[in-house]
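Numbering (the working numbering), first residue to last: 4 to 300. A quick write-up on the structure given underneath.
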Ligand SMILES: [Zn+2]
């Protein structure tokens, strides 16, 4: 853990729970994401310092707390400038915004103290204005967060943020977080056509074949969407639907899961409603979701 692993001439990653990319040139480093906490950031920093590098910039792939958790640390200890894709940058500056989106109101303190739900606030500049070294570019991976980006380095490594989960994680946890299902689905569909290369997703092993992994993620997403449409042959509230899904897949409900996966389910309901597959109806103080085919019968 926390080893600095070289993957191309100038590109490394730190092998830690949320992988951090390192691109170096002339003794200076651009980090891709900053670790999931100030403590992780300190361990990452130690490795980078041992390699004789100075951290100049943090290029965040998206605003989730486990990717920006070290922003303030690197900003304060190295004077690093933090950057994040367009409107995601606002969520880095006020991390509570992301927690509030998942919760749907002012979250309880317990969620605000959860490192997966909220990070320390740190101002970020918009990554589109980043002084990119020649050959480095952002790659659109929207959907998991509103404006998630990957980063392609000049020596051909692509950091993939959270656009895919491993087969093992998908099989075990069934759901992965996504904000905008239409964009998430488009991103996965696009990736199924990508050529082999060096890909580093944040939460799974580096791989060459991103297309196959994206295809597996896409198949699981389609499975979940079809499952929801099937379950809604019986009209039910969103809460009842979430419970039905958790029971079906024997998942453990906790406060953070309720809002992480509940928020993903809200996005799935929006997507299915926008596709015309499901609709809602009022029923004695309840809002029921139902399969459009049932409604027209
Ligand atoms: Zn994320």
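We treat Cβ as the ideally placed atom computed from N, Cα and C, and that holds for glycine. Treat the numbers as computed from the prediction; the structure is a model and nothing was measured.
**Item:** Identity of the residue in 104, 102, 195 and 141 nearest residue 63 by Cα
**Value:** Here the question's residue 63 lines up with position 60 in the chain shown. Cα-wise, what sits closest to residue 63 is 141.
**Request:** Starting from the N-terminal end, write out each residue whose C-beta falls within a distance shorter than 5 Å of any non-hydrogen atom of ligand 1.
**Result:** 67 and 165
**Asked** Is the stretch 161-173 touching the stretch 114-127, taking contact as three or more C-beta pairs under 8 Å?
**Response** no
**Request:** Could you tell me which of 66, 14 and 178 sits nearest to residue 231, measuring between CA atoms?
**Result:** Counting from one through the chain shown, the residue named residue 231 turns up at place 228. Residue 178 is the option with its Cα nearest to residue 231.
**Asked** Assuming residue 36 and residue 23 make a contact with CB atoms under 8 Å, what is their CB distance in whole Å?
**Response** What you label residue 36 is simply residue 33 of the chain shown in a count that begins at 1. What you label residue 23 is simply residue 20 of the chain shown in a count that begins at 1. Confirmed, about 5 Å.
**Request:** Could you name each continuous alpha helix (DSSP H) segment of 4 residues or more that falls completely within the stretch 27-78, going from the start of the chain to the end?
**Result:** 41-53 and 68-71
**Message:** Among 86, 157 and 56, whose alpha-carbon lies nearest the alpha-carbon of residue 70?
**Reply:** Walking along the chain shown from the start, residue 70 turns up at place 67. When only C-alpha atoms are compared, the closest one is 86.
**Message:** For residue 190, report the span of its beta strand (DSSP E) as first-last.
**Reply:** Here residue 190 refers to the residue found at position 187 when the chain shown is read from its first residue. Not the beta strand (DSSP E): residue 190 falls in the alpha helix (DSSP H), residues 184-194.
**Prompt:** According to DSSP, is residue 285 helix, strand or coil?
**Reply:** In the chain shown, counting from the first residue as 1, residue 285 sits at position 282. DSSP, read as helix, strand or coil, puts residue 285 in strand.
**Prompt:** Hey, would you say residue 11 sits closer than 7 Å to residue 158, going by beta carbons?
**Reply:** Looking up residue 11 in the chain shown gives position 8. Looking up residue 158 in the chain shown gives position 155. It is a contact, given that the beta carbons lie within the stated cut-off.
**Message:** Starting from residue 255, trace the alpha helix (DSSP H) in both directions and tell me its first and last residue.
**Reply:** As a working note, residue 255 is residue 252 in the chain shown. Careful: residue 255 lies outside any alpha helix (DSSP H) and carries neither H nor E.
**Request:** Evaluate residue 148 with the Cβ neighbour count: other Cβ atoms within 10 Å of its Cβ, from every protein chain shown; 16 or more gives buried, anything less gives exposed.
**Result:** Start at 1 with the first residue of the chain shown, and residue 148 comes out as number 145. The residue is buried, with at least 16 neighbouring Cβ atoms inside 10 Å.
**Item:** Residue burial classification, residue 293 (beta-carbon count within 10 angstroms, cutoff 16)
**Value:** As a working note, residue 293 is residue 290 in the chain shown. It counts as buried.
**Asked** Where does residue 95 land, buried or exposed, given buried means 16+ other C-beta within 10 angstroms?
**Response** For the purposes of this step, residue 95 is taken as residue 92 along the chain shown, with counting starting at 1. Buried, because 16 or more other Cβ atoms sit within 10 Å of the Cβ of residue 95.
**Item:** Validate contact between the stretch 183-192 and the stretch 214-222 using beta carbons, cut 8 Å, 3 pairs
**Value:** yes
**Asked** Cβ atoms of residue 33 and residue 60: under 7 Å apart, would you say?
**Response** Position 57 of the chain shown, counted from the first residue, corresponds to residue 60. Position 30 of the chain shown, counted from the first residue, corresponds to residue 33. Yes. Within cutoff.
**Prompt:** Quick one: what's residue 293 bridged to in DSSP?
**Reply:** The sequence position of residue 293 within the chain shown is 290, counting from 1. Paired residue(s): 282.
**Prompt:** Residue range of the alpha helix (DSSP H) that residue 102 falls in?
**Reply:** Residue mapping note: residue 102 aligns to position 99 of the chain shown, counting from 1. Unbroken alpha helix (DSSP H) run through residue 102: 99-106.
**Asked** For the candidate residues 155, 197 and 31, whose alpha-carbon lies nearest to that of residue 214?
**Response** In the chain shown, residue 214 corresponds to position 211, counting from 1. Distances from the alpha-carbon of residue 214 to those of 155, 197 and 31 put 197 closest.
**Message:** Could you tell me the alpha carbon to alpha carbon distance between residue 205 and residue 287, rounded to whole angstroms?
**Reply:** What you label residue 205 is simply residue 202 of the chain shown in a count that begins at 1. What you label residue 287 is simply residue 284 of the chain shown in a count that begins at 1. If you take the alpha carbons of residue 205 and residue 287, they lie about 45 Å apart.
**Bounding residues of the alpha helix (DSSP H) (the contiguous stretch that carries residue 221)** = Position 218 of the chain shown, counting from 1, holds the residue named residue 221. Residue 221 -> alpha helix (DSSP H) spans 213-234.
**Asked** Among the residues of its own chain, which have a CB less than 7 Å from the CB of residue 38, if the five just before and after it don't count?
**Response** Within the chain shown, residue 38 is the residue found at index 35, counting from 1. The beta carbon of residue 38 is closer than 7 Å to those of 19, 21, 23, 44, 47, 72 and 73 in its chain, skipping five residues each way along the sequence.
**Request:** For residue 88, count neighbouring Cβ atoms within 10 angstroms of its own Cβ and tell me buried if that reaches 16, exposed if not.
**Result:** As a working note, residue 88 is residue 85 in the chain shown. By the neighbour-count rule (16 or more Cβ atoms within 10 Å), residue 88 is buried.
**Request:** Note down, in chain order, each residue of its chain lying with its Cβ closer than 7 Å to the Cβ of residue 117, except the 5 sequence neighbours on either side.
**Result:** Here residue 117 refers to the residue found at position 114 of the chain shown. Answer for residue 117: 259, listed in chain order.
**Rounded Cβ spacing between residue 217 and residue 195 (contact assumed at less than 8 Å)** = Locating residue 217 in the chain shown gives position 214, counting from the first residue. Locating residue 195 in the chain shown gives position 192, counting from the first residue. Sure, about 5 Å apart at Cβ, within 8 Å.
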